[in-house]
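All residue numbers for the sequence shown refer to our numbering, where the first residue is 1000 and numbers rise by one. Note that CB positions come from ideal geometry on N, CA and C, so glycine has one too. The block underneath contains the structure these notes are about, expressed in structure tokens.
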Amino acid sequence: MSESVELLQALIRNACTNDGTDSASEEANADDVASILSGCGADVEIFDAAPGRRSVISRLPGTNPSAPTLMLIGHTDVVPAHPARWKHDPFGGELIDGFIWGRGAMDMLGHVATMATAFRDYAHKGTHRGGDIVFAAVADEEALSTKGTGWLMEHQPDAMAADWIITESGGSSIGPIDAPVISSLTAEKGAWRMRITIRRDPVHSSMAYGSILSTQVAAEVISRINEYAHPIVISEAWSQIMGTWWDGPDQNPILNPELIDKILPHVPALAAKNIFALSRMSSVVTGIETEDSWNTVPAEIRIEVDVRTVIGQTLDDVYDHLRLALGELADTVDMTVIAGSDGSSSPTGTPLWELMTDAARIQRPGAELRPIMASGITDARFYRHRGATAYGFGLYSDLLPVEEIPTMLHGDNERVDVESIQMMGDLWSAMFGMFAERTSR
Ligand SMILES: [Zn+2]
């Protein structure tokens, strides 16, 4: 069995789940990655943003200071899983009929395992020329990266410095065998974690008559937020991306605000979800917190709202729409931002795009890359906001059930096949060699 597969199994078994609380820890995964990298010839640096919130960064210095730096970045945390819903233990890392099962197999411990071993093997050769190559295994991507890439960019900017960045998403092949099309994530919506706090007088619940109940206000706030109809906004980035998939963007109903919602009932459910999400802001309540005893209507209720913005919208737009959603209630609650960032995109056709295309063609002859946009977020956004070029990329075999990928990500029965792991490792190796060749001139 390959070392990448064994490392992936170990990373899954470490169960570095991130529920957004301080109990999360990526230490075990970071340490496994660090031990794979040790002695490879490149410096290995370890950073703890907080106890247990460990990231590992390894930089292989190049010979051309004016060349760009290539960085592969993978997050080592995973979202929690519900074992009773799975066919196999989500933290067992079992290899069954050519598939490695477990939380993170796709998102994105498979990337981390193959990036780590490919980087180590390449560094070990000791012949690198051209620009620097960096591999980073980072914490906390699943909870807005405030203890991961966000923290590292602020506190360890030199270690994180890079111009060309590759991280998760993309890599699926569609289309004919002799002219496959491979997706790469080039753009993503913004994400803002907002909190709405309701404060009212606490009320003994045995004598509630005539009182304004915080719970009743909360119920109204929640339904107004969830039901608010955000206006359709067709961003420039989305028009461009859709234009690469379909001819005649002017005729495309997906880009026409008058037609877009009319076609939703007529396309597959998953496509409808995507089209809806990418054509407007969304605001969804994801949590409710309170204290006080069972027989007290609480003095304070905090409502978590996950707001996703279209590229071009800002935090001001978030506040504006939440106020519109709440109507007169907006003046009776507190609205604060916990963390977040605007949407971002990188153009296609860059030297990094060419590098990915050429490296992918070794295993997928004749392949073309096509951009995709995500309603979710990745660590690529930190780099795009700084003007660097960042894509989500990878390579998957034809054994992987592509139609099941969306249900595996943060869902049940996540798994990846051994062949995809092999392909992904070979992709990174090819990319390192080509990068050296192209940047040492
Ligand atoms: Zn991920």
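Supposed contact pair Phe1134 and Met1107 - C-beta distance, whole angstroms, cut 8 Å: Translated into the one-based positions of the sequence shown, residue 1107 becomes position 108. Translated into the one-based positions of the sequence shown, residue 1134 becomes position 135. Not really, about 13 Å apart at Cβ, beyond 8 Å.
Contact test: His1203 Cβ vs ligand 1 heavy atom, cutoff 7 Å: Residue 1203 sits at position 204 when you count from the first residue of the sequence shown. Flag unset: Cβ of His1203 not near ligand 1.
Cα-Cα separation between Phe1392 and Val1232, rounded to whole angstroms: Start at 1 with the first residue of the sequence shown, and residue 1392 comes out as number 393. Start at 1 with the first residue of the sequence shown, and residue 1232 comes out as number 233. Looking at the two C-alpha atoms, the distance is approximately 27 Å.
Given 8 Å, three or more beta-carbon pairs between the segment 1207-1217 and the segment 1336-1353: Contact between the segment 1207-1217 and the segment 1336-1353 is absent, because fewer than three Cβ pairs lie under 8 Å.
Cβ neighbour criterion (16 or more within 10 Å) applied to Glu1140: Start at 1 with the first residue of the sequence shown, and residue 1140 comes out as number 141. Counting C-beta atoms within 10 angstroms of its own C-beta, Glu1140 has 16 or more neighbours from the protein chains shown and is therefore classed as buried.
According to DSSP, residues forming a beta bridge with Ala1033: Taking the sequence shown and counting its residues from 1, the one referred to as residue 1033 is at position 34. Beta-bridge pairing links Ala1033 to no other residue.
CB of Val1306 within 8 Å of CB of Trp1191, strictly: Taking the first residue of the sequence shown as position 1, residue 1306 is located at position 307. Taking the first residue of the sequence shown as position 1, residue 1191 is located at position 192. In contact: Val1306 and Trp1191 (Cβ atoms closer than 8 Å).
Under 7 Å, CB to nearest heavy atom of ligand 1: contacting residues: The answer, residue by residue, is His1074, Asp1106, Met1107, Glu1140, Glu1141, Glu1167 and Thr1377.
Pro1079 beta carbon less than 8 Å from that of Asp1021: To locate residue 1021, count along the sequence shown from 1; it is residue 22. To locate residue 1079, count along the sequence shown from 1; it is residue 80. The answer is no: Cβ separation not under 8 Å.
Start-to-end residues for the beta strand (DSSP E) that takes in Trp1244: By 1-based counting over the sequence shown, the position of residue 1244 is 245. Note, Trp1244: premise wrong, no beta strand (DSSP E); alpha helix (DSSP H) at Glu1235 to Trp1244.
C-alpha distance - Val1220 paired with Ala1104, whole-angstrom precision: Along the sequence shown, read from residue 1 onward, the residue named residue 1220 stands at position 221. Along the sequence shown, read from residue 1 onward, the residue named residue 1104 stands at position 105. For Val1220 and Ala1104, the distance between alpha carbons rounds to 37 Å.
Gln1155 (DSSP reduced to helix, strand or coil): Counting from one through the sequence shown, the residue named residue 1155 turns up at place 156. Coil, per DSSP.
Cutoff 8 Å; reference Glu1005; Cβ partners in own chain excluding five residues on either side: Locating residue 1005 in the sequence shown gives position 6, where the first residue counts as 1. Excluding sequence neighbours, Glu1005 sits near nothing in its chain.
Closer than 8 Å to chain D by CB, Gly1130: Judged by its chain identifiers, the structure shown contains no chain D, having just a single protein chain.
Cβ-Cβ distance between Glu1187 and Gly1342 below 8 Å: In the sequence shown, the residue the question calls residue 1187 occupies position 188. In the sequence shown, the residue the question calls residue 1342 occupies position 343. Going by C-beta atoms, Glu1187 is nearer than 8 Å to Gly1342.
Span of the beta strand (DSSP E) around Pro1350: The residue labelled residue 1350 in the question sits at position 351 within the sequence shown. Here Pro1350 belongs to no beta strand (DSSP E); instead the alpha helix (DSSP H) covers Pro1350 to Gln1362.
Short Cβ contact (8 Å threshold) for Pro1297 with Glu1290: Counting from one through the sequence shown, the residue named residue 1297 turns up at place 298. Counting from one through the sequence shown, the residue named residue 1290 turns up at place 291. Between Pro1297 and Glu1290, the C-beta spacing is below 8 Å.
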